[in-house]
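With UniProt numbering applied, the sequence shown corresponds to residues 1 to 70, in that order. Structure first, commentary second.
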Amino acid sequence: MAEKKKLTVNLSDDALADLEQIAKAQGITLTEAIRKALATEGYLLRETKLGRKILVQDPSTKEIRELVFR
Numbered sequence: 001m002a003e004k005k006k007l008t009v010n011l012s013d014d015a016l017a018d019l020e021q022i023a024k025a026q027g028i029t030l031t032e033a034i035r036k037a038l039a040t041e042g043y044l045l046r047e048t049k050l051g052r053k054i055l056v057q058d059p060s061t062k063e064i065r066e067l068v069f070r
């Protein structure tokens, strides 16, 4: 297992509220929510660097939209 490092972050009230909402919705800690967010961001970055598109589909209308990251 990789050595763990302690990190202090400064978040706006809105960012903290978002993080708390994510953690609560998934029944996880704030630390685990950050880990999952980092893993998701890493995945999206790797996929888009390969030229792949990230798509979302509305389940009721079947409309498909592309997520564009800048």
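We put the CB at the ideal spot given by N, CA and C, even for glycine. From a predicted model like this one, the values you see are computed outputs, not experimental measurements.
Whole-angstrom distance between residue j and residue i, CA atom to CA atom
i	j	result
A25	D58	21 angstroms
L16	T8	13 angstroms
N10	D18	14 angstroms
residue 106	V56	Shown here, the chain extends from 1 to 70; a query on residue 106 therefore has no answer.
S60	R35	31 angstroms
Buried or exposed (CB count within 10 angstroms, at least 16 for buried), residue i
i	result
L2	A quick correction: the sequence has Ala, not Leu, at residue 2. Its Cβ having fewer than 16 others within 10 Å, A2 is exposed.
A33	buried
Residue i (DSSP reduced to helix, strand or coil)
i	result
L67	strand
I28	coil
L38	helix
Proximity of residue i and residue j at Cβ, strictly below 8 angstroms
i	j	result
L50	F69	no
L30	A23	yes
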